[in-house]
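Asks: Can you read through this structure? Questions will come right after.
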Amino acid sequence: MQAGAAAAIEELAGQLAQTHKLVVCTGAGVSAESGVPTFRDASSGLWAKYDPMTLATPEAFARDPLLVWNWYLHRRRQVDALAPNPGHTAIAELQGILNEVVVVTQNVDGLHRRAGSRTVLELHGTLYGTKRFHDGHKVDYRWPGDLTDFEFTQDSLPRCPDTGELLRPDIVWFGEALDSVTLSQAFMHARSADCVIVAGTSGVVYPAAAVPEEALQLGVYTAEINPDETELARRADAYIALPSGVALPQIVARVKQLRGRR
Ligand code: OAD
């Protein structure tokens, strides 16, 4: 390991040993080591001929809900077949060490929850949720138990059990605003944290990128984990130039030592 990374891990672990409330802001990089395809790479196999940008819009859904639903079913199957990686697990493990840990993620893959994180704000929605198309009201859809050979048909598209209206994936599509309650909770938590860790995000997509940015400007201790130096990394209190699945388990192990746990 580079001396710089080792020193930065020590620095962040020292901060975490005294932290009560931690907010971890994550992006696609945290899921990279689980093998989650990037949005663009998700179009494999039969879906290779479709540009995801033309499927992830309300207009596409209004035009052809069957096509859009089967694309999301394909993405969900891809993610179902994968597992959380040591980065996700380390974040979840911090819950047993610090008083409060809030995950603010741009990822829609549900891997933080599967790793055991309990407070997860999914800024861009989730592949596992559904809401009514016309008014955005969240409604649970009862998925078939085995999705292996399942495909939606016009007659089996997800519908609201109360109104019969079409349900859509609970994902923030191009041209749409983020859920304002979820976003304001993310800002509120980041403002009141003792430490914010930013991991696996390029920090260029707003408003998600504004959450750690505001915390940094308010003087909250902010650390970045990303093999590629981002703009925020240059101003953060600590910058660890390693993959999150490598850095986070080392950080957690060191925090446990500093807090006198095994
Ligand atoms: P990006 O693809 O923009 O950035 C991923 C970041 O992860 C890059 O900075 C990589 O250097 C870093 N990275 C790669 N592997 C890593 C690893 N193993 N550990 C740590 N970092 C690693 O992804 P996001 O910032 O998440 O929006 O992009 C945000 C949004 O752009 C997505 O949520 C999506 C997309 O448009 C919507 O769907 C609304």
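Note that my numbering has the sequence shown beginning at 79, numbered continuously upward.
Even for Gly, the Cβ is constructed at its ideal location relative to N, Cα and C.
Kindly examine the ligand OAD and report whether one of its heavy atoms sits closer than 7 Å to the Cβ of S258.
Replies: No; taking the cut-off as 7 Å, the Cβ of S258 has no heavy atom of the ligand OAD nearer than that.
Asks: May I ask you to list the residues that DSSP assigns as paired with G203?
Replies: According to DSSP, which records beta bridges pairwise, G203 is partnered with I249.
Asks: My parser needs the beta strand (DSSP E) runs of 3 or more residues fully inside the segment 164 to 237; what are they?
Replies: Runs found: 178 to 183, 198 to 200 and 203 to 210.
Asks: Got a sec? Which residues, its chain only, sit under 6 Å from V93 by beta carbon, not counting five neighbours each side?
Replies: A small fix is needed here, since residue 93 is Gln in this sequence, not Val. Closer than 6 Å at the Cβ level, and outside the excluded window around Q93, lie C273 and Y299.
Asks: Under 7 Å from any heavy atom of the ligand OAD, does the C-beta of I329 make it?
Replies: Every heavy atom of the ligand OAD is 7 Å or more from the Cβ of I329, so no.
Asks: Between A277 and L294, what straight-line distance do the alpha-carbon atoms span, to the nearest angstrom?
Replies: Spanning the two alpha carbons is a distance of roughly 14 Å.
Asks: Provide the residue(s) that pair with K99 in DSSP beta bridges, ordered along the chain.
Replies: Paired residues: E178.
Asks: With DSSP as the reference, label T104 as helix, strand or coil.
Replies: If DSSP states are grouped into helix, strand and coil, T104 belongs with the strands.
Asks: Which residues does DSSP pair with I318 in a beta bridge?
Replies: Per DSSP, I303.
Asks: Are L189 and S280 close, meaning C-beta to C-beta below 8 Å?
Replies: For L189 and S280, no; Cβs fall outside 8 Å.
Asks: Just the C-alpha distance for T231 and A161, rounded to the nearest angstrom, thanks.
Replies: C-alpha separation (whole angstroms): 29 Å.
Asks: Give the DSSP-derived three-state secondary structure of L244 in the structure shown.
Replies: Correct three-state label for L244: strand.
Asks: Measuring CA to CA, which of E292, L256, V282 and A255 is closest to R269?
Replies: Nearest C-alpha to R269: E292.
Asks: Taking all protein chains shown into account, decide if F252 is buried (16 or more other Cβ within 10 angstroms of its Cβ) or exposed.
Replies: The residue in question, F252, is exposed, as its Cβ has fewer than 16 Cβ neighbours within 10 Å.
Asks: Is the closest heavy atom of the ligand OAD to the C-beta of A110 under 7 Å?
Replies: Yes, Cβ of A110 sits closer than 7 Å to a heavy atom of the ligand OAD.
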